[in-house]
Amino acid sequence: MVEFPHGYTYSAHPVACAAGLAALDLLVNEQIPQQVKAMAPYFEIAVHGLKGSPRVTDIRNYGLAAGISLEHYPDEPLRRPFELGVKCFEKGFYVRWGADTLQLAPPFVSTEAEIDSLINAVGEVLHEIN
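Whatever position you read off the sequence shown (first residue = 1), add 3 for the numbering used here.
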């Protein structure tokens, strides 16, 4: 035997399979997809409320996921999204960034108040950057 026979999390390891099944049970039993479907229109209105903010060139979303395209510094498309991400983190929110976008994906169980807090923080940060 060349490998230590401990198994891998991505090759039908019993613990990984049990965790996956438990996660699926939670999604079904707690009706998480229905919660996302109900909250998505609120999130869409909130995130598109950032249109017209400084440096925003486009906003798109699907469900509880959104991408905010940003005007970038010349020859530095990653810099502004990185700066925004750091400032959001300083305000208590982790957001992803990549290329010239800020990417939002709040938890499936987010409330309207939590979405408002996220969008308000992003809006504040957009007004703080150069």
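Where is the CB? At the ideal position from N, CA and C, for every residue including glycine.
Item                                                                                                                                                                     : Value
Using the C-alpha atoms, what's the distance from residue 119 back to residue 28?                                                                                        : 29 Å
Pair every Cβ in the segment 124-132 with every Cβ in the segment 86-97, then say whether three or more of these pairs are closer than 8 Å.                              : yes
Under the DSSP definition of a beta bridge, which residues are partnered with residue 60?                                                                                : BP columns for residue 60 are empty, so no partner.
Taking the CB atoms as reference points, tell me whether residue 63 and residue 75 lie closer together than 7 Å.                                                         : no
Apart from the five residues on each side of it in sequence, which residues of its chain come closer than 6 Å, Cβ to Cβ, to residue 61?                                  : 72
Can you give me the start and stop residues for the alpha helix (DSSP H) that residue 14 sits inside?                                                                    : That residue, residue 14, is in no alpha helix (DSSP H); it is neither H nor E in DSSP.
For residue 109, which residues from the same chain have a beta carbon less than 8 Å from its beta carbon, with the 5 sequence-adjacent residues on both sides left out? : 46, 67, 117, 118, 121
Measure the C-alpha to C-alpha separation of residue 34 and residue 111 and round it to an integer number of angstroms.                                                  : 10 Å
Just to confirm the assignment, what range does the alpha helix (DSSP H) spanning residue 118 have?                                                                      : 115-131
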